[in-house]
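Residue numbers (our numbering): 10 to 225. Glycine residues also receive a C-beta, built at the ideal position from the N, C-alpha and C atoms. These notes concern the structure reproduced below.
Have a look at this one:
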């Protein structure tokens, strides 16, 4: 019996970080790129207070008003992210999502599979993933690498201040529960195995864009 495609499975990973920080999502195929942005934010536990854009086939997609506010005439045109839906992509399509133009967190997005679920999903679901994401405003990949060095060396002169900074993030809710201070550095460290087990739970934080119950 023929079933209508109503969902898409997507793999999202952070570039330039090893071991890989990644999430696998199942989302309604009718969602647009604006909704995909919110799903990625929720899945990685980013806090959505920086600019973002999608880069697809050499073109930029995002919030046209925000991204062109201070643009020059020679800047590439920005297309409305709401005009592109996930079902518009081909199986295996790969494109980029950039969050925070200062830290420049580049994510690679892959369309893994289109699926026909028995019940059409209304929300997204994070079904798999590994490792906690870097702290917001840590300074991009170089800053994150330095952060890991500092937190793994108690003799580093910046260790105490950095640990206090992480604790403040924990108190404000900007890192996941259980990861304040020493714990946060441990689960961000490459040798730590804990984030793989906790990634799904972390990724389920959302404003209705990622469901807490796996769909498949």
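With fewer than 16 other CB atoms across the displayed protein chains lying within 10 angstroms of its CB, residue 58 is exposed. Each residue's CA atom was taken as its position, placing residue 69 and residue 87 some 5 Å apart. At least 9 Å separates the beta-carbon of residue 133 from that of residue 28. Sequence-distant Cβ neighbours of residue 40 in its own chain, meaning closer than 6 Å and more than five residues away, are 95. When C-alpha distances from residue 16 are compared across 168, 60 and 121, the shortest belongs to 121. Taking 9 Å as the cut-off, the Cβ atoms of residue 175 and residue 143 do not count as close. Under the three-state reduction of DSSP, residue 13 is assigned to coil, being neither helix nor strand. Here DSSP, grouped into helix, strand and coil, assigns residue 132 to coil.
About 4 Å separates the CB atoms of residue 65 and residue 104; that is less than 8 Å, so the two are in contact. Secondary structure of residue 120 (DSSP, three-state): strand. Within the model, the alpha-carbon separation for residue 115 versus residue 108 is close to 7 Å. Taking a C-beta distance under 9 Å as the contact criterion, residue 18 and residue 124 qualify as a contact pair.
Within the DSSP bridge table, the entry for residue 89 names 71 as partners.
Listed as beta-bridge partners of residue 139 by DSSP are 31. Counting along the chain, the unbroken beta strand (DSSP E) around residue 107 starts and ends at 103–108.
The beta carbon of residue 71 lies closer than 7 Å to those of 61, 62, 63, 87 and 90 in the same chain, with the five residues before and after it left out.
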